[in-house]
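According to our numbering, the residues represented by the sequence shown are 214 to 451, in order.
Idealized CB from N, CA, C, for every residue including glycine.
I have placed the structure first, in the form of structure tokens, so that the comments after it can refer back to it.
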Amino acid sequence: MLHLLLLESAIELVPSRLTALKDVQSYAGKRGKKPDEVLLDQSYHGRVMTRLPNHEKRGRPDITFLTLLSVLETPLCKEGLLSVYIHLQDGRIIEVNPEVRLPRNYDRFIGLMEQLLVEGQVPPTGEPLLTITRSNLEGLLDDLKGDDSVSILAEEEGERITLRRLKAMIPEDSSKPVIFGVGAFPHGDLTRETLGLFDETVRLDTETMMAWHVSSMMLWLYSEQVAVADSRFESTPL
């Protein structure tokens, strides 16, 4: 099983210190929402975001959106061998139902995430597709780990390794948990607390890579290592 963790994701509602500002009030009014119930987004709030600490690391929900589009509804996901968690910068964890069909439209995704952060799950009743479940990353990792588990963090200061070496780190037995973490924010660094939770820290290229590229790369390496395509073709003969 591959557990993908989008770490310190740049997704949050507009903080209270900004809700009274004209730019935020105008944006929320156009969307018919309260200022504290809209997502912080650099595209719309970049000018006032400079008032926030770590502002360069915040307000980029598109990173998570593009990453989710890259990994959900893939063969690995359809085989029940992928779980996805979104770790927020305030420490909370969003669990993604692997059966969710993510909106292809970015504006609809924004609305979905706003509802989630206000209500705690979407839809508010019935079987949830997205749920805020935990407030502690360390606790999540403890739950996901098992015998012979592997936890790998993609990070710019990690050991430079080839894709061949990364693939060799993945067990062929899909029952052994593989936890893979990647930052889902535009600039800055992962916190020391996050860095210390993973067994291996790796760098996959000489240049900075986007979270959706790194996630897709790992997903397909894992799929090849556990022979997902083989099992799907064998179970669906011509």
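- Residue 442 counts as exposed, since fewer than 16 other C-beta atoms from the protein chains shown sit within 10 angstroms of its C-beta.
- Using a 10 angstroms sphere on the CB of residue 400, the tally of other CB atoms stays under 16, which defines it as exposed.
- 8 angstroms or more divides the Cβ of residue 382 from the Cβ of residue 294.
- In the three-state reduction of the DSSP assignment, residue 367 falls in the strand class.
- Under the three-state reduction of DSSP output, residue 322 falls in the helix class.
- Judged by DSSP secondary structure, residue 447 falls within the alpha helix (DSSP H) whose first and last residues are 441-448.
- Around the beta-carbon of residue 257, 16 or more other beta-carbon atoms lie within 10 Å, marking it buried.
- DSSP places residue 396 within a strand segment (E or B) once states are collapsed to three.
- For residue 416, the enclosing beta strand (DSSP E) stretches over residues 413-416.
- Rounded to the nearest angstrom, the gap between the Cα atoms of residue 316 and residue 385 is 33 angstroms.
- Residue 224 has its alpha-carbon roughly 8 angstroms from the corresponding atom of residue 302.
- With contacts defined as CB atoms closer than 8 angstroms, residue 372 and residue 427 fail to qualify as a contacting pair.
- Here residue 277 is buried: its Cβ has 16 or more other Cβ atoms, across all protein chains shown, within 10 Å.
- Residue 354 holds the alpha-carbon nearest to the alpha-carbon of residue 304 among 354, 434, 417.
- In the assembly as shown, residue 420 is an exposed residue. Its beta-carbon has fewer than 16 other beta-carbons within 10 Å.
- Beta-bridge annotation (DSSP): residue 222 is paired with 301.
- Contact between the stretch 352-371 and the stretch 317-335 is not established, with fewer than three Cβ pairs separated by less than 8 angstroms.
- In the DSSP assignment, residue 287 falls outside any alpha helix (DSSP H) and carries neither an H nor an E.
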